[in-house]
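K.L.:
Quick note: the first sequence uses our numbering, first residue -4, plus one each step. Handing you this structure, nothing more for now.
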Amino acid sequence: MTRIFALVDCNNFYVSCERVFDPKLKDVPVVVLSNNDGCVIARSNEAKALGIRMGAPAFKCKDLFERHGVRVFSSNYSLYGDMSARVMNCLGSLVPDMKIYSIDEAFLLLNNFSESPETFARRIRQTVLRWAGIPVSIGIGPTKTLAKIANRFAKKHPEHGGVLDLTNNPDKASYLKQTPTEDIWGIGGKHSLFLRSYNIRNALDFSRQARDWVKSKMTVTGLQTLLEIQGIPCLSLEDSFVPNKTIISSRSFGGCVGSLDQLKEALACYVSRAAEKLRWQRALCTCIMVFIHTNRFRKDHPQHSCARQLRLLHSTDYTPLLIRNAHDILEKIYRPGHEYKKAGVMLSGIEPRLERQLTFFTPPKIRRIKERKLMEAMDRINSRWGRGTLKPAAMGTVKKRKMQRNLLSPRYTTSWHELPVVRAGWHGQARIPAARSIDALMPVEMS
DNA sequence: TCTGGGGTCCTAGGACCC
DNA sequence: TCTGGGGTCCTAGGACCC
């Protein structure tokens, strides 16, 4: 049976989240910055029109921001994560087969509905807008890659009303022709330049290339993209609960860190966070990698970047053990006399807890139970009272590494103290209602 | 002065094993 | 002069995605 894939993509997601609660942001240029207010990672259409590039360093755009009155925000992941959950819950209530692809995207299967895929997609679009307050675009096609291409047109060209179906579309060739190779999902800058040298400039040109040639030049992943564009599905919807194969936790520092002790504290925080994610997916890891970098933009400073991996004696999710191992690695790779800008940890060799491979060094059951109870208690307390309520002492007690987040909006939906106020009335200063519709303020279940 | 964080998959080469 | 065949695992790097 031919499958019908739909890709639902939230428009300028982070900006849209800010706009739900602040109507003054409508029709004005808005951007959201990465951690430490470093780079531009989301732009409203008005900001895009000003020529602000994705990933542009914020300090280089400062003048432009001021000149055009661009509203600038630090990233507010509490808000975006919660809004994403609302959108996804909404989609999940409308279709049975769905795969969340990223914080702002999900693939759906649109087979077996009484309405036409396009009509149904328009209904999905309206529902998400009403329930979550977030505008989305929906592309439809016989493969995921074609659905992606359709989505691009649905988003860019308002005349489609936010939905485009490329399945059996008589104008498919024309749409492919209007899709530059670098805009094809799976073809990035390098391959796009390479294709250009062969005068392959758009998806239609690419779709006409020989399979053997594409495979030899772009490996099997390139071949997969070719077949998908030709309408032959290579990518399935997949299970939504496939565990990650690696878990990374890392940060750039607001300033620079030179001392081993400070790096150890930072690393303990990252390990602790990664181990939490590991336990969350009920898994254990067998490998741990630590990396540190100096600031690669400071050519005038001595540079050092190093990563080293260690295979653990037995699989684990026990934070103290992971911190100990991370510190051992750090001591081996650390070089005094350098100002480090970033550090991180990666856990890999991940196996489900229930399928644990015992080794000669696996601790006896009684100790494992003790460790499990300790971690469960810590996770429970932190989930009830907030992250970091209970933490390993190795993380330090004083917050020294401060992240730059000077332009943060309130956590409208996840903090009691920061809820939007409709009208202050009898108890003080007025905060104007923020939501586009009252539904946007309600948890999805209530709408 | 200031340049994010978290993932996936593929390939090649070296060390090592029998 | 001639020097096998078939594996695994690890590391490093590249390319891509959001």
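Note that beta-carbon positions come from the ideal geometry of N, C-alpha and C, so glycine has one too.
For a test of your reading of the model: does the CB of residue 306 fall under 7 Å from any non-hydrogen atom of the ligand COA? Yes or no.
P.N.:
Absence of the ligand COA from the depicted structure is noted, as is the absence of any ligand whatsoever, leaving it without description.
K.L.:
What are the residues that DSSP puts in a beta bridge with residue 335?
P.N.:
Residue numbering aside, residue 335 sits at position 340 when the first sequence is read from its first letter. 252 and 289.
K.L.:
Could you spell out where the alpha helix (DSSP H) holding residue 72 opens and where it closes?
P.N.:
Looking up residue 72 in the first sequence gives position 77. Taken as a continuous stretch (DSSP letters only), the alpha helix (DSSP H) holding residue 72 covers 72 to 89.
K.L.:
Rounded to whole angstroms, what's the CA-CA distance from residue 437 to residue 332? Just pull it up for me.
P.N.:
The residue given as residue 437 occupies position 442 in the first sequence. The residue given as residue 332 occupies position 337 in the first sequence. Only weak support is given to the placement of residue 437: the predicted model assigns it a pLDDT of 45, under 50, and the value that follows is read from those uncertain coordinates. Taking the straight line joining both Cα atoms gives about 53 Å.
K.L.:
Taking the CB atoms as reference points, tell me whether residue 370 and residue 274 lie closer together than 8 Å.
P.N.:
Locating residue 370 in the first sequence gives position 375, counting from the first residue. Locating residue 274 in the first sequence gives position 279, counting from the first residue. Yes, they are a contact pair.
K.L.:
Using the C-alpha atoms, what's the distance from residue 38 back to residue 47?
P.N.:
As a position in the first sequence, residue 47 is number 52, starting the count at 1. As a position in the first sequence, residue 38 is number 43, starting the count at 1. Distance between the alpha carbons of residue 47 and residue 38 is about 8 Å.
K.L.:
Per the DSSP calculation, residue 405 is bridged to which residue(s)?
P.N.:
In the first sequence, the residue the question calls residue 405 occupies position 410. In DSSP, residue 405 forms no bridge with anything.
K.L.:
Write down the C-beta distance between residue 129 and residue 3 rounded to the nearest angstrom, noting that I regard them as a contact closer than 8 Å.
P.N.:
Locating residue 129 in the first sequence gives position 134, counting from the first residue. Locating residue 3 in the first sequence gives position 8, counting from the first residue. At roughly 10 Å, the Cβ-Cβ gap does not stay under 8 Å, so residue 129 and residue 3 are not in contact.
K.L.:
Can you name the start and end residues of the beta strand (DSSP E) that residue 95 belongs to?
P.N.:
Locating residue 95 in the first sequence gives position 100, counting from the first residue. Run containing residue 95: 93 to 97, per the beta strand (DSSP E) assignment.
K.L.:
Whose C-alpha, out of 154, 107, 33 and 77, is nearest the C-alpha of residue -2?
P.N.:
Taking the first residue of the first sequence as 1, we reach residue -2 at position 3. Nearest of 154, 107, 33 and 77 to residue -2, Cα basis: 107.
K.L.:
Kindly identify the DSSP beta-bridge partner or partners of residue 5.
P.N.:
As a working mapping, residue 5 is identified with position 10 in the first sequence. In DSSP, residue 5 forms a bridge with 131.
K.L.:
What's the gap between the Cα of residue 190 and the Cα of residue 165?
P.N.:
Position 195 of the first sequence holds residue 190. Position 170 of the first sequence holds residue 165. So the alpha carbons of these two residues sit roughly 26 Å apart.
K.L.:
Just checking my contact of residue 328 with residue 285 at CB under 8 Å: how many whole Å lie between their CB atoms?
P.N.:
By 1-based counting over the first sequence, the position of residue 328 is 333. By 1-based counting over the first sequence, the position of residue 285 is 290. So it is a contact: roughly 7 Å between Cβ atoms.
K.L.:
Determine the extent of the alpha helix (DSSP H) in which residue 140 is found, giving its start and end residues.
P.N.:
Within the first sequence, residue 140 is the residue found at index 145, counting from 1. Looking at the DSSP string, the run of the alpha helix (DSSP H) that includes residue 140 is 139 to 151.
K.L.:
In three-state terms, what does DSSP make of residue 186?
P.N.:
Numbered from its first residue, the first sequence carries residue 186 at position 191. Three-state DSSP puts residue 186 in a helix.
K.L.:
Count the other C-beta atoms from every protein chain shown that fall within 10 angstroms of the C-beta of residue 159, then say buried if there are 16 or more, exposed otherwise.
P.N.:
Locating residue 159 in the first sequence gives position 164, counting from the first residue. Under this definition residue 159 is a buried residue.
K.L.:
Using CA coordinates, which residue listed in 10, 73 and 33 is at the minimum distance from residue 42?
P.N.:
Residue numbering aside, residue 42 sits at position 47 when the first sequence is read from its first letter. Considering only alpha carbons, the answer is 10.
K.L.:
What's the call for residue 206, buried or exposed, on a 16-neighbour Cβ count within 10 Å?
P.N.:
To locate residue 206, count along the first sequence from 1; it is residue 211. Exposed is the call here.
K.L.:
Please report how far the alpha carbon of residue 140 lies from the alpha carbon of residue 181, in whole angstroms.
P.N.:
By one-based count along the first sequence, residue 140 stands at place 145. By one-based count along the first sequence, residue 181 stands at place 186. Roughly 8 Å separates the two Cα atoms.
K.L.:
Which class does residue 168 belong to by DSSP, given the choice of helix, strand or coil?
P.N.:
Residue numbering aside, residue 168 sits at position 173 when the first sequence is read from its first letter. It is helical.
K.L.:
Name the residue from 404, 179 and 414 whose alpha carbon lies nearest to the alpha carbon of residue 72.
P.N.:
Taking the first sequence and counting its residues from 1, one reaches residue 72 at position 77. The shortest C-alpha separation from residue 72 is found at 404.
K.L.:
Could you tell me the alpha carbon to alpha carbon distance between residue 340 and residue 383, rounded to whole angstroms?
P.N.:
On the first sequence, position 345 is the one that residue 340 refers to. On the first sequence, position 388 is the one that residue 383 refers to. If I take the Cα positions, the gap works out to 18 Å.
K.L.:
What residue from 347, 96 and 133 has the CA that sits closest to residue 114's CA?
P.N.:
Numbered from 1 along the first sequence, position 119 holds the residue referred to as residue 114. Of 347, 96 and 133, the residue nearest in Cα terms is 133.
K.L.:
For residue 278 versus residue 233, is the C-beta spacing smaller than 8 Å?
P.N.:
Walking along the first sequence from the start, residue 278 turns up at place 283. Walking along the first sequence from the start, residue 233 turns up at place 238. Result no, Cβ atoms of residue 278 and residue 233 do not sit closer than 8 Å.
K.L.:
Beta-carbon within less than 8 Å of residue 255's beta-carbon, same chain only, minus the 5 sequence neighbours each way: which residues are those?
P.N.:
Within the first sequence, the letter at position 260 stands for residue 255. The residues are 325, 326, 329 and 331.
K.L.:
Do residue 249 and residue 352 come within 8 Å of each other at the CB atom, strictly closer than that value?
P.N.:
Working through the first sequence from its first residue, we reach residue 352 at position 357. Working through the first sequence from its first residue, we reach residue 249 at position 254. Contact flag unset, no.
K.L.:
Output the distance between the C-alpha atoms of residue 154 and residue 226, rounded to the nearest integer angstrom.
P.N.:
Translated into positions along the first sequence, residue 154 becomes position 159. Translated into positions along the first sequence, residue 226 becomes position 231. Spanning the two alpha carbons is a distance of roughly 25 Å.
K.L.:
Which residues mark the beginning and the end of the beta strand (DSSP E) in which residue 160 is found?
P.N.:
Along the first sequence, read from residue 1 onward, the residue named residue 160 stands at position 165. Its beta strand (DSSP E) spans residues 158 to 160.
K.L.:
Would you say residue 28 and residue 53 are within 8 Å of each other, going by their C-beta atoms?
P.N.:
The residue you call residue 28 lines up with position 33 of the first sequence. The residue you call residue 53 lines up with position 58 of the first sequence. Yes, Cβ-Cβ distance for residue 28 and residue 53 is below 8 Å.
K.L.:
To the nearest angstrom, how far is the alpha carbon of residue 283 from that of residue 213?
P.N.:
Sequence index remark: in the first sequence, residue 283 carries index 288 (1-based). Sequence index remark: in the first sequence, residue 213 carries index 218 (1-based). Their backbone Cα atoms lie some 31 Å apart in a straight line.
K.L.:
How long is the line joining the alpha carbons of residue 103 and residue 89, rounded to whole angstroms?
P.N.:
Position 108 of the first sequence, counting from 1, holds the residue named residue 103. Position 94 of the first sequence, counting from 1, holds the residue named residue 89. Their Cα atoms are separated by approximately 10 Å.
K.L.:
What first and last residue would you give for the beta strand (DSSP E) that runs through residue 309?
P.N.:
Indexing the first sequence from 1 puts residue 309 at position 314. Element bounds for residue 309: 300 to 311.
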